[in-house]
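Taking our numbering, the leading residue of the sequence shown gets 10, the next gets one more, and so forth. The C-beta atom is built at its ideal place from N, Cα and C for all residues, glycine as well.
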Amino acid sequence: MAGTRTDEITGERRKLLNVAYRLLGSLAEAEDAVQEAYARWYALPRGRQEEIVSPGAWLTTVTGRICLDVLGSARARRERYVGAWLPEPLPDRAEWAYGDGTDPADQLVLDESVTMAFLVVLESMTPAERVAFVLHDVFRYPFAEIADVLGRTPAACKQLAASARRRVGVARAPMTASERADAARQVKEAWETKDIAALVDLLDPAAVMTADGGGIVGTALRPIEGAARIAQYMVAIADKAPGLELLVRSVNGMPGLVAQHAGAVIAVASFEVADGRVTRIWVVRNPEKLRPWARDG
């Protein structure tokens with residue numbers, strides 16, 4: 010019986026990691042939050058553990074509270090962050106040979122709730138809104154359970170989720186997977202040939218590119234606005250990095266671009282597409298956020 014319960018508790022890890030990544034936008038922070046939740050479980054006296062009817066629900070509640078605390082402190086940390094902060098991009102393990110199969114990224118389900126566009130919108134929410142929205146709208150937890158995480162009434166949690174939902178509804182533009190794939194391929198071809206005119210044509214006139222170097226590698230510290238400026242910036246990057254190789258790969262479950270130099274991934278780009286044109290580009294260059302993309306050896 011004890012062994013069965015241990016298996017049940019261990020089996021919750023994947024779900025908890027998926028919840029925590031969506032709440033935090035950081036694989037490293039998500040893993041830390043889940044580890045802390047398990048540490049608190051194993052620190053409970055045996056008698057207290059046996060009193061808990063659903064260890065999975067307990068672990069989810071504790072993980073949610075830990076993530077809520079992390080989100081609160083993250084705002085202050087990100088104010089000190091060099092340049093723009095973007096969520097960590099994730100590869101599709103089915104198409105990207107990396108690691109030894111034990112990487113936490115292996116446990117993540119890549120769907121619409123982890124696209125870069127979606128995670129960036131989540132960043133605009135208050136910590137409480139984000140927790141209420143993700144737990145209810147993404148993972149279908151009832152507001153009564155979310156109330157235990159947030160320390161608020163179920164009615165208040167419902168209001169928080171509704172407020173967050175309005176942000177998502179305004180921010181998300183209609184698009185299809187084929188539109189994203191076509192955009193990624195066309196951007197790749199124009200970028201490789203350093204065709205500024207083609208790039209400008211692919212980009213919405215009001216497009217915005219945001220890059221995250223974390224102060225570790227050089228990149229634009231502020232968003233670049235406008236198709237022409239973005240195209241010129243992209244070509245300038247290509248000029249400075251001869252031998253740059255671009256690959257169309259899944260990024261957080263959607264077609265994106267991976268840039269390699271001398272066999273190492275140096276940037277991962279995601280796109281937002283509307284009406285056949287790229288409206289947003291998010292480029293992660295911070296090497297600490299590209300660890301899941303490191304190949305063996």
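Met-263 lies in the beta strand (DSSP E); which residues open and close that run? Residue numbering aside, residue 263 sits at position 254 when the sequence shown is read from its first letter. Note, Met-263: beta strand (DSSP E), 263-270.
*Tell me whether Thr-288 is buried or exposed, calling it buried when 16 or more other Cβ atoms sit within 10 Å of its Cβ.*
For the purposes of this step, residue 288 is taken as residue 279 along the sequence shown, with counting starting at 1. Buried, because 16 or more other Cβ atoms sit within 10 Å of the Cβ of Thr-288.
### Query
Would you report the Cα separation of Arg-84 and Leu-33, rounded to the nearest angstrom?
As a working note, residue 84 is residue 75 in the sequence shown. As a working note, residue 33 is residue 24 in the sequence shown. Near 11 Å, if we compare the C-alpha coordinates of Leu-33 and Arg-84.
Quiz item: Do Phe-142 and Ala-165 have their C-beta atoms within less than 9 Å of each other?
Solution: The count along the sequence shown starts at 1 and reaches residue 142 at position 133. The count along the sequence shown starts at 1 and reaches residue 165 at position 156. Cβ distance not < 9 Å, so Phe-142 and Ala-165 don't count as in contact.
Which whole runs of the alpha helix (DSSP H) in the region 26-106 are 4 residues long or more, in chain order? 36-52, 55-60 and 64-89
Of all the options Tyr-30, Pro-54 and Arg-14, which has the alpha carbon lying nearest to the alpha carbon of Met-125? Within the sequence shown, the letter at position 116 stands for residue 125. Selected option, being the one with the closest Cα: Tyr-30.
- So, helix, strand or coil for Ser-133, using DSSP? Taking the sequence shown and counting its residues from 1, one reaches residue 133 at position 124. The answer is coil: DSSP assigns Ser-133 none of H, G, I, E or B.
Given a cut-off of 9 Å, decide if Glu-198 and Ala-186 are closer than it, judged by their beta-carbon atoms.
Within the sequence shown, the letter at position 177 stands for residue 186. Within the sequence shown, the letter at position 189 stands for residue 198. No.
Checklist entry - DSSP state of Ile-225, grouped into three classes? => result Position 216 of the sequence shown, counting from 1, holds the residue named residue 225. In the structure shown, Ile-225 sits in coil (DSSP, three-state: anything other than H, G, I, E or B).
Quiz item: Does DSSP put Phe-280 in a helix, in a strand, or in coil?
Solution: What you label residue 280 is simply residue 271 of the sequence shown in a count that begins at 1. If DSSP states are grouped into helix, strand and coil, Phe-280 belongs with the strands.
Euclidean distance between Cα positions of Asp-210 and Ala-236 = Residue numbering aside, residue 210 sits at position 201 when the sequence shown is read from its first letter. Residue numbering aside, residue 236 sits at position 227 when the sequence shown is read from its first letter. Going by the C-alpha atoms only, they are around 8 Å apart.
Would Ala-42 and Val-79 be called neighbours here (beta carbons separated by less than 9 Å)?
Along the sequence shown, read from residue 1 onward, the residue named residue 42 stands at position 33. Along the sequence shown, read from residue 1 onward, the residue named residue 79 stands at position 70. Yes, these two residues count as a Cβ contact at 9 Å.
_Per-residue DSSP class, three states only, for Thr-19_ = Counting from 1 along the sequence shown, the entry for residue 19 is found at position 10. Helix.
Check: Which residue from Ala-240, Glu-154, Tyr-150 and Leu-299 puts its Cα closest to that of Val-274?
Finding: The residue given as residue 274 occupies position 265 in the sequence shown. Answer by Cα proximity: Leu-299.
query = Mind pulling the alpha helix (DSSP H) runs of 4 or more residues that sit fully within the region 161-191?
reply = 163-180
Checklist entry - By DSSP, does Leu-256 sit in helix, in strand, or in coil? => result The residue you call residue 256 lines up with position 247 of the sequence shown. Leu-256 falls in the strand class under three-state DSSP.
Next item on the list: Might you give, ordered along the chain, the residues of its own chain that have their beta carbon closer than 7 Å to the beta carbon of Ala-39, omitting 5 neighbours on each side?
Entry: Walking along the sequence shown from the start, residue 39 turns up at place 30. For Ala-39, where only same-chain residues beyond five positions count, the Cβ hits under 7 Å are Leu-26, Ala-29, Tyr-30 and Leu-33.
What are the complete beta strand (DSSP E) segments, minimum 3 residues, inside the region 200-250? 212-221
Practice prompt. Answer yes or no: the CB of Val-43 versus the heavy atoms of the ligand NAD, is any distance below 8 Å?
Written response: Because no ligand of any kind appears in the structure shown, any question about the ligand NAD cannot be addressed here.
| task | State buried or exposed for Pro-251, treating a residue as buried only when at least 16 other CB atoms are found within 10 Å of its CB. | result | Against the sequence shown, residue 251 aligns to sequence position 242. The residue is exposed, with fewer than 16 neighbouring Cβ atoms inside 10 Å.
Measure the Cβ-Cβ separation of Val-129 and Leu-169 and say whether it is below 9 Å.
Residue numbering aside, residue 129 sits at position 120 when the sequence shown is read from its first letter. Residue numbering aside, residue 169 sits at position 160 when the sequence shown is read from its first letter. Cβ atoms of Val-129 and Leu-169: not closer than 9 Å.
Shortest alpha-carbon distance to Pro-98 belongs to which of Ala-114, Tyr-90 and Val-91?
If you number the sequence shown from 1, residue 98 lands on position 89. Ranking the options by Cα distance to Pro-98, first place goes to Ala-114.
Outcome for His-308 when other beta-carbon atoms lying within 10 angstroms are tallied against a minimum of 16:
Residue 308 is absent from the model: the chain starts at 10 and stops at 306.
| query | Quick one: what does DSSP say Val-147 is sitting in, helix, strand or coil? | reply | For the purposes of this step, residue 147 is taken as residue 138 along the sequence shown, with counting starting at 1. DSSP places Val-147 in helix when its eight states are reduced to three.
Q: Please check the pair Glu-281 and Gln-269, which I expect to be a contact at CB under 8 Å, by giving their CB distance rounded to whole angstroms.
A: The residue you call residue 281 lines up with position 272 of the sequence shown. The residue you call residue 269 lines up with position 260 of the sequence shown. Not a contact, Cβ separation roughly 23 Å.
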